[in-house]
Each structure stands twice: as structure tokens, then as C-alpha cells.
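Residue numbers (the working numbering): 77 to 558.
Quick reminder that beta carbons are idealized off the backbone N, C-alpha and C, glycines included.
Following: one structure in C-alpha cells, then a few remarks.
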């Protein structure tokens with residue numbers, strides 16, 4: 077059923093990366109939240125780290141809107157799902173306003189997301205090395221695509237009162253409202269490293285202070301009333317909100333499932349979390365729950381055993397290379413993961429999870445599930461991928477097609493004994509990943525909302541593993557007490 081979504085909304089964009097989108101978007105989210113508004117945080121593109129800061133600023137899960145991985149048709153429904161009941165939604169863009177999937181036109185660009193959401197755009201401009209030229213820059217962005225409504229500009233890294241006056245005069249001539257001016261303030265910048273900002277989970281106390289400082293900076297430099305008024309000009313959005321339960325029940329695999337596999341109750345699926353494994357999409361846990369699982373989080377840095385009753389294991393992305401010594405030192409958990417995989421338990425591992433399952437990472441012993449060794453590399457592997465499952469696994473049947481994203485500075489040198497997980501069809505043709513017993517491990521990050529059958533299939537495999545474990549336990553009990 078198509079409904080009308082009337083949530084005020086803004087898209088925070090920029091001419092290029094590094095202009096200050098995260099500063100402004102996170103600061104706005106926090107400032108409006110402090111005023112008592114329920115703010116829904118969103119991020120265009122596949123980024124996992126910025127949504128962590130958004131969640132800290134708003135108290136709500138940061139959600140991604142990725143037109144490549146999920147398809148343009150899911151952008152508005154996923155937005156409506158995340159923003160339900162909120163007073164305001166703020167969407168942080170990706171790269172430059174018109175930058176998207178390489179060679180695919182506007183696909184996955186901030187501009188495309190803004191059009192799909194019918195949302196006004198606020199352009200954050202790094203004005204540190206320009207004055208009157210800012211008007212030409214902004215005019216170009218405003219006129220490049222008439223369907224993108226540029227509602228105003230926030231000037232970032234402004235050096236002085238005189239610099240501000242020149243910038244305002246130029247933009248007034250161009251007829252573009254200035255909605256905020258932020259002076260240079262490096263003390264509130266979040267620290268970064270080889271793959272971007274340091275995740276919130278690794279620096280929570282400092283991150284709280286950083287977000288509060290961003291809110292102060294944005295509150296002092298931006299016209300919050302004008303920005304809220306602009307957000308309220310967004311017209312009603314006609315779409316049906318995405319929901320995990322209907323997404324699961326609409327999957328062709330739902331009708332083909334074996335009801336007997338779930339007769340023993342909800343299987344426990346353990347999801348890796350903590351500072352080393354921070355990359356996950358909120359919809360994944362929601363889909364697993366809708367498919368019948370009990371989702372429990374554990375921390376491979378601290379927990380020495382898997383959660384009680386674990387019958388499925390999800391190890392997502394993050395920075396295991398930063399925590400390799402600590403992960404390696406937790407030998408009891410490494411052994412538990414290895415034993416679980418050796419018994420045929422279903423395991424879904426992405427990127428960091430792949431490294432954790434390897435025999436070693438930068439010379440430090442890992443779980444040893446895979447006959448492979450991983451190490452840091454100078455080369456950054458980055459980009460969208462089109463993939464097809466080339467081996468049956470607990471996660472995907474052969475022939476399942478998904479779009480995903482690679483983002484890593486590690487390489488893995490495989491031995492033998494595993495089949496490949498994915499065949500990439502674009503932008504290059506190659507196979508990647510490992511399928512071995514119940515293990516599906518790959519560098520490819522995927523968004524399961526695009527193909528809910530993977531959550532259903534994985535939950536079914538976990539339910540089957542739970543039923544088999546229960547049968548073994550029952551037989552053992554009968555043998556002891558006939």
C-alpha cells in the first residue's frame with residue numbers, strides 16, 4: 077500500500093569529499109536533537125563509519141541509502157522505514173554532489189538520492205581558498221541538473237569576518253541563500269586513519285565530546301530556523317515504507333522453506349560487535365529477526381565464548397588489523413569459532429570477518445578456519461561490484477545476484493580446500509571469497525535489503541544446525557539415562 081511520507085528532510089552535500097559534510101550533517105543532527113526533535117539520520121552510499129557518529133548525535137540507528145547496492149527503487153522505502161515517527165531527517169551525502177558509481181551516470185550519487193527523496197539540498201563549500209569564485213562554483217552545481225533543488229549554502233573553513241563578507245556578497249549576487257558560516261576549527265575534527273574516520277566504538281568518550289563540539293559549532297554558525305524551514309518545504313513522498321517482515325515473506329524462498337526446521341524455536345545467531353567489528357547495516361539484524369532468529373551480539377575482543385546456544389555466526393566488517401594482537405590473544409574464542417565452523421555451523425563473514433577466519437593476520441594467529449593468511453597492503457581496493465554466487469552456501473544459493481562494495485587495504489593469500497564465494501561480473505571478471513562447509517567468507521560488503529532471501533536462507537541453516545545439535549544432545553542424554 078502506497079502511503080504519503082511527510083517528514084521534513086534535508087540532504088547535506090558538497091562539491092567534493094573533504095569539504096565538511098560529516099561536520100555539518102552530524103552537527104545539525106545533534107543540534108536539532110538537543111532542541112527536542114526526533115531526528116532520523118541517514119548516509120548516502122555504503123559508508124559504515126559516519127552512521128556511527130550520526131547515531132551518537134541522534135540516539136537512533138544511522139541508516140544507509142545506497143542506490144547501487146539496494147537499487148533506486150528501495151531508497152525512498154528504506155528512508156521511510158528509518159524516519160518513521162521522526163520530526164526531521166538529515167541525509168549526509170557521499171563524495172561530491174554528482175559523483176556516483178564509476179561509469180554509471182548519476183547512479184548512487186547524492187544528487188540521485190536527493191531526487192528520489194524529493195529533498196532540498198544544502199551545499200557545504202570549503203571556502204578556505206576562494207572569495208568571489210564561490211558564486212561561480214555554486215551556480216554551476218545549482219544549474220547542472222535542474223531536478224536537483226539547491227536550497228542554500230553553508231560556508232566552511234571561513235578565515236575571517238572580511239572573508240565572510242566577500243563570500244556573502246558574491247552569493248547574494250548569485251541569488252543563493254547562505255544558511256551558515258563555520259570558521260576553521262580543527263579541534264573538533266574526528267581522527268582518521270587508512271580507511272577514513274575512527275569508528276565511534278573505538279573512541280566513545282572522545283566521540284561524545286566531538287559530537288557535542290560539532291553541535292556547538294553548528295548552532296553558533298548556522299541558521300537553524302532557516303534550515304528547518306527549508307526542510308519543511310520537501311513535498312510529500314509517495315511510497316510504501318520498507319519493513320523487514322513483509323520483505324521476508326515476499327521472498328520466493330519463504331514459501332519454499334521447511335517449517336520443520338524452525339519447530340525447535342528461534343535459532344540464536346551471534347553477530348560480532350565491539351571495537352574491532354563495527355561495520356553492519358541495521359537492516360541485517362532486522363531481517364534475521366523477521367526470518368525467525370534471535371540475534372545476540374558478542375565482542376571478539378572481550379568474550380571468551382560464543383553466546384549460549386549459538387547456531388549461526390555473522391562476522392561483519394571493521395578493523396581487525398588494528399586489533400590483531402588483542403584478537404589473537406583471545407585464544408578461547410578463536411578456538412570456539414574454529415570448532416563451530418569445523419562442526420559445519422553456518423558462518424557469514426564479510427571483509428574483517430574474512431580476515432578473522434584466516435590462519436593469520438599480519439603474522440598474528442587468527443581462528444584458522446580458512447587455509448589462508450592475510451596481511452596489510454599499500455594498495456587500497458575500493459569500489460562497487462556486481463556479483464553472482466558461484467557456490468552453494470548457507471548464505472546464498474548458486475546463481476544469487478547481489479551488488480556490493482569492496483573497501484580494504486589488506487590482501488589474503490589462499491591455500492586450498494575452499495570453493496570461491498562470488499564471481500564478479502563488473503567492473504572486472506574474477507572470483508573471490510571462500511565457501512567451505514557452512515562458511516561463506518568474502519571481502520564483499522552487501523546490503524541484505526536488496527535480497528532478503530539471504531537472511532532467510534541463513535536463518536534456515538541456523539535453525540537446521542540448532543535442530544541437529546538438539547537431536548545429538550537428546551541422543552546423548554538417552555545413552556546416559558536409557
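Minimum Cα-Cα distance from residue 537 among the listed residues 470, 460, 448 and 219 corresponds to 470.
Under the three-pair Cβ rule at 8 Å, the segment 525 to 539 counts as touching the segment 475 to 492. Pairing residue 428 with residue 355 gives a Cβ-Cβ distance under 9 Å.
For the pair of segments examined, the segment 343 to 355 was found to touch the segment 376 to 385: the number of CB pairs separated by less than 8 Å reaches three.
For residue 200, the enclosing beta strand (DSSP E) starts and ends at 197 to 202. Note that the C-beta distance between residue 462 and residue 410 is not below 9 Å. Nearest C-alpha to residue 318 among 353, 141 and 292: 141. Boundaries of the beta strand (DSSP E) around residue 449: 448 to 465. Between residue 216 and residue 89, the CB-CB gap reaches or exceeds 9 Å. Classified as buried, residue 367 has 16 or more neighbouring CB atoms from the shown chains inside 10 Å of its CB.
Our two residues, residue 124 and residue 276, have alpha carbons roughly 11 Å apart in a direct line.
Secondary structure note for residue 188: its alpha helix (DSSP H) is the uninterrupted segment 186 to 193. When the beta-carbon positions are compared, residue 166 and residue 116 come within less than 9 Å of each other. For residue 155, the closest C-alpha among the options 83, 251 and 184 is that of 83.
Here residue 505 is exposed. Its C-beta has fewer than 16 other C-beta atoms within 10 Å. Within the DSSP bridge table, the entry for residue 139 names 118 as partners.
Taking C-beta separations shorter than 8 Å and ignoring five residues to either side along the sequence, the partners of residue 399 in its chain run 351, 352 and 377, following chain order. According to DSSP, residue pairing for residue 326 in a beta bridge does not occur. Runs of the beta strand (DSSP E) lying entirely within the segment 460 to 522, each at least 3 residues long, are 477 to 490, 498 to 502, 506 to 508, 510 to 512 and 515 to 518 in chain order.
A buried status is given to residue 102, since no fewer than 16 other beta-carbon atoms sit within 10 Å of its beta-carbon. Taking all protein chains in view, the Cβ of residue 525 is crowded by 16 or more other Cβ atoms within 10 Å, so the residue is classified as buried.
Three or more Cβ pairs closer than 8 Å define a contact, and the segment 91 to 108 meets that threshold against the segment 284 to 298. Restricting attention to 313, 511, 282 and 251, the CA atom closest to the CA of residue 472 is found in 511. Annotation for residue 359: 525 place their beta carbon closer than 6 Å to its own, counting only its chain and skipping 5 residues before and after. In the DSSP assignment, residue 291 is bridged to no other residue. By the CB criterion at 9 Å, residue 248 and residue 257 fall outside the cutoff. Here residue 83 carries a coil assignment [DSSP, helix/strand/coil]. Annotation for residue 426: 392, 393 and 521 place their beta carbon closer than 6 Å to its own, counting only its chain and skipping 5 residues before and after. Taking 8 Å as the upper bound for CB-CB distance, residue 543 and residue 498 are not in contact here, some 29 Å apart. By DSSP's assignment, residue 440 forms a beta bridge with 437.
Non-local C-beta neighbours of residue 231 in its own chain, meaning closer than 6 Å and more than five positions away in sequence, comprise 201, 203, 243 and 257, ordered along the chain. Per DSSP, the beta-bridge partners of residue 388 are 345. Residue burial annotation: residue 362 is buried, with at least 16 other C-beta atoms found within 10 angstroms of its C-beta. In the displayed model, residue 354 falls within coil according to three-state DSSP, outside both helix and strand.
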